[in-house]
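Scroll down for the structure; my scribbles are underneath it.
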Amino acid sequence: MKFTVLNGSPKGPVSVTMQYIHFLQKRFPEHNFEILHVAQRIRKIENDENVFWDIIEKIKNADAVVWAFPLYVYLVHADYKCFIELIFERNAADSFANKYAVIFSTSIKFYDITAHSYIHAVCDDLGMNVAGAYTADMPDLTKAKERKRFTCFAEHIFQIINEKWPVQPRFSPLKKRDFTYKMCNVEKPVSSKGKRIVLVSDAMDEDKNLNGMIKRFQKSIAEDIQTINLHELSIKGSCRGCLRCGYNFECSYDGKDDYREFWDKNLEAADILVFAGTICDRYLSSLWKCFFDRRFFHTHTPRLMGKQIVYLISGPLSQISNLRMILEAYMELEMANVVGFISDEFGQSEDIDTLITNQARAAVRFASENYIKPETFLGVAARKLFRDEVYGRLRMVFQADYREYKKLGLFDFPQKKIRQRLVNGITRILLRIPTVRKKFQGYMKQGMIMSHQRVLKKLFPEE
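Its first residue numbered -17, the sequence shown is counted upward by one per residue in my numbering.
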């Protein structure tokens, strides 16, 4: 069988992801794997349509397409995202229809689920049949057990494609609303109370609803707020995966474009951040993805701690739960507070006006009170993963992270809690005695609430 491999690494052949594809080439020489480095060559593909259509022709002639990529900030790399956008913009989707797709990624298992959901949804939108997906930890290929697992997966995929098994789509088509938002007058704008508000967008002239929502938010604040359009910034490119930032947060782009100064002087200096974008396929634009990728010059260290975040989204946000989860998880890991999301998919213009004004009011209030909502699994699990990785196998490369994590007290391993370890040890010994264990088990439900009851009694003593 003939496979067209769409490589999503900006490093081209010098990527961990491609080593797995090379393994398949050598392990299964009876199959042909043609690798196309679409992320690395995205500027050429964008600027020369002949190159783009050559790729599409190879896809037409393949039995299946392998979407192979490393994880970049909850998703695929911005340049891979750009290639996907080109498929739809240049009406090449029909060349993918009814073809089998295989999704393969490498990562440290940080939100591989959101990246896979995104690519799977794109495949469904293209009318492809997703034969299977595989998410590898980066060093898995070096382990015999994992090579065996990967081989089993590949053999299963070959069977599905060869025997033409039917495949059910996972995601329903998006239903876009035909609606034009028209801003009404703002009767009582909200005072910013001295809080600095920065609004960042990628709005184009044709983004009528998004531009209207942005203007409404501006009018909802009594004072002028800073508004920045990403199209007006000099951003030379997305993250290249060079990892130069790992030692001391230096970026290979430093001094070559506006990004770092823009981040340091505007985003980190703000109290409230408003991010505004239009949905493009199953995410925001590739320009927004480039913005998020480039933030990696601070690697895995939170930089937006304590800030209030408002999202203005034009498009069917409620139909893309994966996107909302990504945006929420991103800010939980940053230790910021997501005030809320406002989209143009529900209600009339007056309803959206009210939502925007109320979100502006809430953002100012939360900023004044330094309010950060409790973390969910999205942030807690992600931080524990990075805690362990930065302390362990990633420390050699990401030394800047290691130093910052120590300062921030993020190495909060349970084994450091001596008192809890002593209690656990004593309890383990006592519970070996049947009578003690029986009494303990009968006491557990009441014991779980005793400390809470003491606090309530202290705060609200009975008269």
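Where a beta carbon is used, it is the ideal one built from N, C-alpha and C, also for glycine.
Could you tell me the boundaries of the alpha helix (DSSP H) in which residue i lies?
| i | result |
| --- | --- |
| Pro416 | Pro416 to Leu441 |
| Phe315 | Reading off the sequence, residue 315 comes out as Leu, not Phe. Ser303 to Leu315 is the span of the alpha helix (DSSP H), which, as asked, contains Leu315. |
| His102 | Asp94 to Asp107 |
| Ala62 | The sequence shown places Tyr at residue 62, not Ala. That run of the alpha helix (DSSP H) goes Ala60 to Glu71. |
| Arg9 | Val(-2) to Arg9 |
| Lys271 | Ser268 to Arg276 |
| Glu28 | Ile24 to Asn29 |
With a CB to CB cut of under 8 Å and the five nearest residues on each side skipped, what residues in its chain are close to residue i?
| i | result |
| --- | --- |
| Gln397 | Arg403 |
| His19 | Asn(-11), Ser(-9), Gly(-6) and Pro(-5) |
| Leu68 | Ile27, Glu28, Phe34 and Ala74 |
Work out the CA separation of residue j and residue i for me, nearest whole Å.
| i | j | result |
| --- | --- | --- |
| Lys388 | Thr88 | 28 Å |
| Ile95 | Lys440 | 45 Å |
| Glu444 | Met430 | 22 Å |
| Phe257 | Lys130 | 44 Å |
| Asp326 | Pro151 | 27 Å |
| Arg285 | Arg9 | 44 Å |
| Leu412 | Met426 | 15 Å |
| Glu243 | Arg226 | 18 Å |
| Glu351 | Glu205 | 20 Å |
| Thr336 | Glu357 | 27 Å |
| Val182 | Lys201 | 16 Å |
| Leu376 | Tyr54 | 16 Å |
| Tyr2 | Lys40 | 21 Å |
| Asn193 | Met186 | 8 Å |
| Cys134 | Asp107 | 28 Å |
| Lys453 | Phe323 | Outside the displayed range of the chain (-17 to 445) lies residue 453, so it cannot be described from this structure. |
| Phe273 | Glu250 | 14 Å |
| Ala349 | Asp184 | 25 Å |
| Asp61 | Val405 | 52 Å |
| Val(-13) | Leu294 | 36 Å |
| Phe395 | Tyr373 | 10 Å |
Specify the secondary structure class of residue i as computed by DSSP and reduced to three states.
| i | result |
| --- | --- |
| Lys389 | helix |
| Leu367 | helix |
| Lys289 | coil |
| Gly(-10) | coil |
| Gly322 | strand |
| Tyr353 | coil |
| Tyr235 | coil |
| Ile217 | coil |
| Leu412 | helix |
| Tyr163 | coil |
| Leu249 | helix |
Which partner residues does residue i have in the DSSP bridge list?
| i | result |
| --- | --- |
| Ser459 | Because the chain in this structure spans residues -17 to 445, residue 459 falls outside the shown range and cannot be described. |
| Ala83 | Val47 and Val112 |
| Thr260 | Ser296 |
| Ser(-15) | Residue -15 is actually Phe in this sequence, not Ser. Paired residues: Phe15 and Ala46. |
| Asp122 | According to DSSP, which records beta bridges pairwise, Asp122 is partnered with nothing at all. |
| Thr88 | Pro52 and Ala118 |
| Ile139 | Looking at the DSSP assignment, Ile139 forms no beta bridge with any residue, so it has no partner. |
| Leu360 | Beta-bridge pairing links Leu360 to no other residue. |
| Leu255 | Val180 and Ile291 |
| Ile203 | Val172 |
| Leu57 | Tyr54 |
| Tyr241 | Its beta-bridge partners do not exist; DSSP assigns none. |
| Tyr373 | In DSSP, Tyr373 forms no bridge with anything. |
| Tyr265 | Cys262 |
Identify the continuous beta strand (DSSP E) that holds residue i and give its terminal residues.
| i | result |
| --- | --- |
| Glu16 | Asn14 to Leu18 |
| Gln208 | Gln208 to Asn211 |
| Ser183 | Ile179 to Ser183 |
Suppose the cutoff is 6 Å on Cβ atoms and the five residues either side in sequence are ignored; what does the same chain contact list for residue i look like?
| i | result |
| --- | --- |
| Ile522 | The structure shown has nothing for residue 522, since the chain only spans -17 to 445. |
| Ala311 | Leu360 |
| His59 | Gly(-10), Pro(-8) and Ala21 |
| Ala344 | Val321 |
| Lys164 | Ser331 |
| Thr339 | Ser202 |
| Ala252 | Arg178 and Val180 |
| Lys63 | Ser268 and Lys271 |
Going along the chain, which residues of its own chain have a beta-carbon closer than 7 Å to the beta-carbon of residue i, five neighbours each way excluded?
| i | result |
| --- | --- |
| Lys42 | Ser77 |
| Ser234 | Arg222, Cys224 and Arg226 |
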